[in-house]
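Residue numbers for the sequence shown follow the working numbering, beginning at 155 and rising by one.
Heads up, the thing below is written out as structure tokens.
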Amino acid sequence: MNIREFPRQDQGFFRQGAALLRECFPQAYSGELAEEQMELCLEEERIALMAEENGELLGFVGAMPQYGVTAWELHPLGVKASRRGEGIGKALVARLEQECAARGCITLYLGTDDEFGQTTLSGTDLFEDTFRKIETIQNLNGHPYEFYQKQGFQIVGVLPDANGPGKPDIWMAKHISK
């Protein structure tokens, strides 16, 4: 497996990236939305990295500068379902941290939606006892927040009802440096 910068002009990898977005996030990137998102991810000021093996895209991660360059948003991260659990996502995030730090990033952050009732934060009023609910979060059905915790991210907040009633966005962040 090779982790490298996503070749911005390679149409073959572009198509594979769009297919990966559809596979990983079918609720968000159906139809041509996946291609539109790939175009955004490959804009010049952003970081786009990929994991590939023998010309096959295994995973993809992107980041965009925010707050000048001191905070970057990790968006998106996707790994082929058939290759999850092999350390591809971990390797992509580690390389992304290096690339962001080299550009002046201090904090890397992300939002990880709970649209499908995968945590105890879903289906509840997060305007009441917000911090207690965050502190006692439980993973009910394979939500990726635990993957990010293993990479050193911590939950720093939630955006209640971001994806509809009872469907929050879970905000996570990590301090990085050179």
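Heads up, the beta-carbon is just placed ideally off N, CA and C, and yes, glycines get one too.
Boundaries of the alpha helix (DSSP H) harbouring V247: 242–256, taken from the DSSP string. Bridge pairing for A205: I157, G213 [DSSP]. The straight-line gap separating the alpha-carbon atoms of L212 and A205 is approximately 5 Å. The beta-carbon distance between D283 and D323, rounded to whole angstroms, is 18 Å. This is too long to meet the 8 Å contact definition. With respect to the 7 Å criterion, V215 and L250 are classified as neighbours on the basis of their beta carbons.
Distances from the CA of R169 to each of G306, P180, I157, E186 were compared; the closest alpha carbon is that of E186.
Taking a contact to require three or more Cβ pairs closer than 8 Å, the stretch 246–266 and the stretch 305–317 qualify as touching. Going by beta carbons, G271 and G265 fall outside the 7 Å limit.
In the three-state DSSP reduction, G318 falls in the strand class (E or B). When C-alpha distances from S331 are compared across N295, L313, I260, G296, the shortest belongs to I260. Sorting E198, Y263, F285 by C-alpha distance to the C-alpha of Q220 places Y263 at the top. In the DSSP assignment, I309 is bridged to M326.
Following the DSSP letters along the chain, one finds T284 inside the alpha helix (DSSP H) bounded by residues 284–289.
Counting along the chain, Y263 sits inside the beta strand (DSSP E) bounded by residues 261–267. Bridge partners of Q220 according to DSSP: A225. F179 and N293 have their C-alpha atoms roughly 19 Å apart.
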